[in-house]
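One structure is given here, and the rest of the page talks about it.
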């Protein structure tokens, strides 16, 4: 896994991805047919995706911008500001 997109693993192990279409799209965009084949399971997807597709993603500025946006939203969810919690 290229370091630039290595947080795909972190995202895969948190169900947050499952209710955010933009997060699901990070996997689907890498290999749409494999995404369908593995039943939209990001952990399995990452174990089976071809390494050259991951490498290609690190050179795709549109993909990286999408990745950064999704991870920013994920980080905001995981670490909300003090005024953004329910208690």
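Residue numbers (this note's numbering): 616 to 702.
Glycine included, each C-beta is placed from N, C-alpha and C at the ideal position.
Since this is a predicted model, take the numbers as computed values, not measurements.
Item, Value
"Cα-Cα separation between residue 640 and residue 681, rounded to whole angstroms", "9 Å"
"The segment 648–659 contacting the segment 669–681, beta-carbon criterion three pairs below 8 Å", "no"
"Where the alpha helix (DSSP H) through residue 621 begins and ends", "Note, residue 621: premise wrong, no alpha helix (DSSP H); not H, not E."
"Outcome for residue 658 when other beta-carbon atoms lying within 10 angstroms are tallied against a minimum of 16", "exposed"
"Unbroken alpha helix (DSSP H) run spanning residue 671, endpoints", "666–672"
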